[in-house]
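Peer 1: Residue numbers (the UniProt record's numbering): 1 to 230.
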Amino acid sequence: GSPLVVSILDGSTLRLLFEDEDDFAMLAENLFTELDVEDKGKISKSEIRNALVQMGVDMGVPPFSEYPQLDDLLRKHGAGGEEELGQAQFAQLLQFVLQDLEVELSKKNFVFIQNIQIINGSKIRQLLANEKELNSFIEKALQEKLNAKDGLGSTEIIRSFLEKNTKELGLPLYDGGDAADLFYDYVFADVAKEKGAVELEKEEPAKLLKDILEKMAEQLELNPVYQDFA
Numbered sequence: 001g002s003p004l005v006v007s008i009l010d011g012s013t014l015r016l017l018f019e020d021e022d023d024f025a026m027l028a029e030n031l032f033t034e035l036d037v038e039d040k041g042k043i044s045k046s047e048i049r050n051a052l053v054q055m056g057v058d059m060g061v062p063p064f065s066e067y068p069q070l071d072d073l074l075r076k077h078g079a080g081g082e083e084e085l086g087q088a089q090f091a092q093l094l095q096f097v098l099q100d101l102e103v104e105l106s107k108k109n110f111v112f113i114q115n116i117q118i119i120n121g122s123k124i125r126q127l128l129a130n131e132k133e134l135n136s137f138i139e140k141a142l143q144e145k146l147n148a149k150d151g152l153g154s155t156e157i158i159r160s161f162l163e164k165n166t167k168e169l170g171l172p173l174y175d176g177g178d179a180a181d182l183f184y185d186y187v188f189a190d191v192a193k194e195k196g197a198v199e200l201e202k203e204e205p206a207k208l209l210k211d212i213l214e215k216m217a218e219q220l221e222l223n224p225v226y227q228d229f230a
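1) With a threshold of 16 other CB atoms inside 10 Å of the CB of I113, please say whether the residue is buried or exposed.
2) With a CB to CB cut of under 7 Å and the five nearest residues on each side skipped, what residues in its chain are close to L142?
3) Going by beta carbon distance, what residues of the same chain come within less than 6 Å of K123, once the five residues before and after it are set aside?
4) Select from Q117, I138 and E102 the residue whose C-alpha is nearest the C-alpha of K220.
5) Look up L4 in the DSSP assignment and give the residues it is bridged to.
6) Using alpha carbons as the reference points, say which of K164, I43 and F32 lies closest to E82.
7) Put D100 into one of helix, strand or coil per three-state DSSP.
8) Compare the C-alpha of I158 against each of D178, F188 and E131 and name the closest.
9) Would you kindly report the start and end of the unbroken beta strand (DSSP E) that includes V225?
10) Mapping DSSP to helix, strand and coil, what is L9?
11) I'd like to confirm the pairing. Which residues does DSSP put opposite E84 in its beta bridges?
12) Note down the Cα distance separating L73 from G86, rounded to an integer number of angstroms.
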């Protein structure tokens with residue numbers, strides 16, 4: 001089964017944030033800059049919600065979906081609507097909301113359970129070991145190549161095919177975060193390096209797909225990818 005990661009939020013992470021004024025000022029500034037997409041030096045009050053989402057469990061803020069009290073706190077502080085705030089006002093409102101959240105959490109801790117999946121390539125190895133399944137999988141990929149737009153290279157087609165079949169192959173989800181992105185970039189760069197770009201396009205798609213799967217299995221065995229299925 002998948003290991004479960006249990007986080008207990010009791011307000012202590014938030015308390016530490018307030019203890020160091022510089023730390024908090026920097027956090028508020030970074031959040032403000034990220035949320036001020038248009039660089040106008042002002043953001044609407046309703047963006048406080050997004051600031052809390054960005055802080056997330058790592059910074060001691062429970063997810064809205066599991067902790068409805070957060071919405072109550074936002075309402076209590078009037079942190080909604082289109083009224084605009086400069087950076088200092090934003091930091092102050094954020095601090096009021098977080099201080100109340102800290103009090104709530106210290107009175108009643110929030111327990112958050114995440115389902116972490118370890119992806120180590122075992123499914124791909126099973127597929128590679130079973131010739132019949134492997135061939136039918138390759139057939140599907142070749143079908144994809146026939147349906148693909150002209151001018152798309154084999155590797156691009158294979159990459160998009162694998163994207164659609166991550167579950168079946170036990171591969172990391174495509175936008176599963178940095179580790180997953182690095183994994184895909186690494187595998188495809190490595191295959192390209194070994195074969196050279198020109199050879200790559202001449203290569204039999206079936207053989208190319210098999211090489212890519214082998215490389216993936218090898219890479220995941222060395223560096224498993226951890227993914228959160230909350």
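Glycine included, C-beta positions come from ideal geometry on N, C-alpha and C. It should be emphasised that the depicted structure is a prediction, and the values quoted were computed from it without experimental measurement.
Peer 2: Working from what's here:
1) As a position in the sequence shown, residue 113 is number 113, starting the count at 1. Burial call: exposed.
2) Within the sequence shown, numbered from 1, the residue matching residue 142 stands at position 142. Hits under 7 Å: P205 and A206.
3) For the purposes of this step, residue 123 is taken as the residue at position 123 of the sequence shown. Once the five neighbours on either side are set aside, the close Cβ partners of K123 are L169 and G170.
4) In the sequence shown, the residue the question calls residue 220 occupies position 220. Inspection of the sequence shows that residue 220 is occupied by Leu rather than by Lys. For the residues Q117, I138 and E102, the minimum Cα distance to L220 belongs to Q117.
5) Here residue 4 refers to the residue found at position 4 of the sequence shown. Looking at the DSSP assignment, L4 forms a beta bridge with N115.
6) The residue labelled residue 82 in the question sits at position 82 within the sequence shown. Checked all of K164, I43 and F32; the closest Cα to E82 is I43.
7) On the sequence shown, position 100 is the one that residue 100 refers to. D100 falls in the helix class under three-state DSSP.
8) Indexing the sequence shown from 1 puts residue 158 at position 158. Considering only alpha carbons, the answer is F188.
9) Indexing the sequence shown from 1 puts residue 225 at position 225. Here the beta strand (DSSP E) through V225 covers V225 to D228.
10) Within the sequence shown, numbered from 1, the residue matching residue 9 stands at position 9. Here L9 sits in strand by DSSP.
11) Taking the first residue of the sequence shown as position 1, residue 84 is located at position 84. Its beta-bridge partners are S44.
12) Looking up residue 73 in the sequence shown gives position 73. Looking up residue 86 in the sequence shown gives position 86. L73 and G86: Cα-Cα distance of roughly 21 Å.
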